[in-house]
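> Under the UniProt record's numbering, the first residue of the sequence shown carries the number 1, and numbering increases by one thereafter.
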Amino acid sequence: MEELYEYEEYLDDEEENDPDPLAGVNTGIDTRVFSFDGELGLGPMTDDREEDVVSEVSSGNGEEKSLGEFVFSFTGIFCRRLYRSQQRPKEKGRAFVNGNSVDEVIESIWAQSKDLVDRKVTFENDVPSWAEKIEPTIEDIQEFVQLQDEVKRKLYTTSVLTPRLLRNWRNKCVKVFVYAFSTSVETAGQYQQISKKLLAPANPDRAGAHSTRDDAALADELRRNHCHLEGHQSSWLLWANSINSSPAHKQEALKKAESPPIELSKYFRWSAVSEAARLQSVHRGMVVAQTSNLAWCRELDDLKTEVSLGISIFQGVMRKLEAMTIRGNTESELFSAMESATRPEETTLSHSLADQVMDCEDIDHV
Numbered sequence: 001m002e003e004l005y006e007y008e009e010y011l012d013d014e015e016e017n018d019p020d021p022l023a024g025v026n027t028g029i030d031t032r033v034f035s036f037d038g039e040l041g042l043g044p045m046t047d048d049r050e051e052d053v054v055s056e057v058s059s060g061n062g063e064e065k066s067l068g069e070f071v072f073s074f075t076g077i078f079c080r081r082l083y084r085s086q087q088r089p090k091e092k093g094r095a096f097v098n099g100n101s102v103d104e105v106i107e108s109i110w111a112q113s114k115d116l117v118d119r120k121v122t123f124e125n126d127v128p129s130w131a132e133k134i135e136p137t138i139e140d141i142q143e144f145v146q147l148q149d150e151v152k153r154k155l156y157t158t159s160v161l162t163p164r165l166l167r168n169w170r171n172k173c174v175k176v177f178v179y180a181f182s183t184s185v186e187t188a189g190q191y192q193q194i195s196k197k198l199l200a201p202a203n204p205d206r207a208g209a210h211s212t213r214d215d216a217a218l219a220d221e222l223r224r225n226h227c228h229l230e231g232h233q234s235s236w237l238l239w240a241n242s243i244n245s246s247p248a249h250k251q252e253a254l255k256k257a258e259s260p261p262i263e264l265s266k267y268f269r270w271s272a273v274s275e276a277a278r279l280q281s282v283h284r285g286m287v288v289a290q291t292s293n294l295a296w297c298r299e300l301d302d303l304k305t306e307v308s309l310g311i312s313i314f315q316g317v318m319r320k321l322e323a324m325t326i327r328g329n330t331e332s333e334l335f336s337a338m339e340s341a342t343r344p345e346e347t348t349l350s351h352s353l354a355d356q357v358m359d360c361e362d363i364d365h366v
């Protein structure tokens, strides 16, 4: 009876103070990005909550719902907490959260929070370990998400959200604390244990990072497991380094990924998989090789022509040399004949001159 009384009082206040439940919604906000529009993904609601939601939605104007407005809406300030006692978690962004029921609001919150969640960690005798469930779903939202009213500074879990509370948050800013490893991680000391035992590299070097030997081994493993990809060794090493640099609980999933990260995809080439595609690729390769070979043959023909031209030039020079040699020999024979024809001989004048030659008396050395 107490719940029914509160419910009736809530409806009375609504009719007196604000007969239009959507009158306070700011129509200038673009709800296309952060709004929830789809069927419910949760289990059946309890009777009380279902009655509240039906009455809340039915109290709205049909014309306003056709305009795409929502019964509940607020601006969520999403902060990622590594442990519950973290005082100043880093703000990851703001998003417009809305819906026509509590369940739709919860799904809208999860749609913005799931990228900030890693994996649940449990402690047994102060020893951290990963939970069996690898990827959390919306059913686990209570273990990863808490909301805080900035005015009252009070924390709320998603299980205590009611139409009245969501109505009070309309057009307000509400902090949404998203816990990376669930709310079971309470202190900084527990987070340090997680970092050392679950997130740290298995075989660190002196600097505390993973070794290059691990990168090389993982690169070879990636090459064997991804035969449909082609790339240089440096590309595989980059992929291996990105995996080893990731948190330990995500490395196995990254190793089994069909393709490298988006920022590394430019270093790889997807090879053909089907036989027809392979044959077509081989045919194209042969066409390219044939074109390159024809160009090489043309270069050889040009070189052969130039060599033939050079040989013909040398042959002409040799013929000229032989002709000049024959001419030189002929002129040598002519000179020899002329020399033998003009040999000097004794004449009458030479004899008379020789007879006049006599010895003179030496008067200088007496």
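Using N, Cα and C, we set each Cβ at its ideal position, and we do this for glycine too.
Bear in mind the structure is a predicted one, so any value in this text is a computation, not a measurement.
#1: Nearest by alpha-carbon distance to residue 264: which of 230, 292, 283 is it?
#2: Less than 6 Å between C-beta atoms, sequence neighbours within five positions excluded: which residues of the same chain meet that for residue 247?
#3: Rounded C-beta distance between residue 118 and residue 249? I'm assuming under 8 Å.
#4: Given a threshold of 16 other Cβ atoms within 10 Å of its Cβ, counted over all protein chains shown, does residue 306 qualify as buried or as exposed?
#5: Three-state secondary structure (DSSP) at residue 95?
#6: Taking only the alpha-carbon atoms, compute the straight-line gap between residue 318 and residue 294 and give it to the nearest angstrom.
#7: Tell me the rounded alpha-carbon separation between residue 57 and residue 92.
#8: Check whether the segment 173-190 touches the segment 139-156, counting contact only when three or more Cβ pairs, one atom from each stretch, lie closer than 8 Å.
#9: Once DSSP output is grouped into helix, strand and coil, what is the label at residue 172?
#10: At a cut-off of 8 Å, is residue 292 close to the ligand ZN when judged by its beta-carbon and the heavy atoms of the ligand?
#11: Check residue 345 in the structure and name its three-state DSSP category.
#12: Can you grab the Cα-Cα spacing for the pair residue 110 / residue 138, in whole Å?
#13: Can you tell me whether DSSP reads residue 224 as helix, strand or coil?
#14: Hey, how far is the Cα of residue 182 from the Cα of residue 96?
#15: With C-beta atoms as the reference, is residue 186 less than 9 Å away from residue 267?
#16: Out of 244, 227, 154, 276, which has the shortest C-alpha to C-alpha gap to residue 213?
#17: Among the candidates 242, 278, 217, 280, whose CA atom is the shortest distance from the CA of residue 262?
#18: Name the two residues that bound the continuous alpha helix (DSSP H) containing residue 192.
#19: Might you give, ordered along the chain, the residues of its own chain that have their beta carbon closer than 7 Å to the beta carbon of residue 346, omitting 5 neighbours on each side?
#20: My output table needs one value for residue 266: the three-state DSSP class, helix, strand or coil.
#21: Within a Cβ cutoff of 6 Å, which residues of the same chain sit near residue 50, ignoring the five residues on either side of it in sequence?
#22: List the whole-angstrom C-beta distance separating residue 376 from residue 108, where the pair is believed to meet the contact cut-off of C-beta under 8 Å.
#23: Under the assumption that residue 233 contacts residue 219 (Cβ atoms under 8 Å), give the Cβ distance between them as a whole number of angstroms.
#24: Among residues of its own chain, excluding the 5 on either side of residue 193, which ones have a beta-carbon nearer than 7 Å to its beta-carbon?
#25: Taking the continuous alpha helix (DSSP H) assigned at residue 251, which residues delimit it?
#26: Within 10 Å of its beta-carbon, does residue 215 have 16 or more other beta-carbons around it, so buried, or fewer, so exposed?
#27: Quick check on DSSP: helix, strand or coil for residue 314?
#28: Can you name the residues that DSSP bridges to residue 285?
#29: Under 9 Å, Cβ to Cβ, is there at least one residue of chain E near residue 198?
#30: Out of 173, 167, 141, 131, point me to the one whose CA is closest to residue 77's CA.
#31: Find out if the Cβ-Cβ distance for the pair residue 222, residue 197 is shorter than 9 Å.
#32: Residue 359 to residue 333, Cα distance in whole Å?
#33: DSSP has residue 229 in a bridge; who is on the other side?
This is what the structure holds:
#1: 230
#2: 199
#3: 7 Å
#4: exposed
#5: Looking at residue 95 - three-state DSSP - the assignment turns out to be strand.
#6: 36 Å
#7: Confidence in residue 57 is poor, its pLDDT being 38 and thus under 50, which makes the residue's placement too unreliable to answer from.
#8: Yes, since at least three Cβ pairs between the segment 173-190 and the segment 139-156 fall closer than 8 Å, the two stretches touch.
#9: coil
#10: Because no ligand of any kind appears in the structure shown, any question about the ligand ZN cannot be addressed here.
#11: coil
#12: 6 Å
#13: helix
#14: 23 Å
#15: No. Outside cutoff.
#16: 244
#17: 242
#18: 188-194
#19: none
#20: helix
#21: Because the pLDDT at residue 50 is just 39, under 50, the model does not fix this residue reliably, and the point stays unresolved.
#22: Any property of residue 376 remains undetermined from this structure, which presents the chain solely from 1 to 366.
#23: 7 Å
#24: 128
#25: 248-255
#26: Residue burial is scored here from C-beta neighbours: residue 215 has at least 16 other C-beta atoms within 10 angstroms and is therefore classed as buried.
#27: helix
#28: DSSP, once it has assigned bridges, lists no residue as partnering residue 285.
#29: Going by chain labels, chain E is absent from the structure shown, which holds only one protein chain.
#30: 173
#31: no
#32: 45 Å
#33: 270
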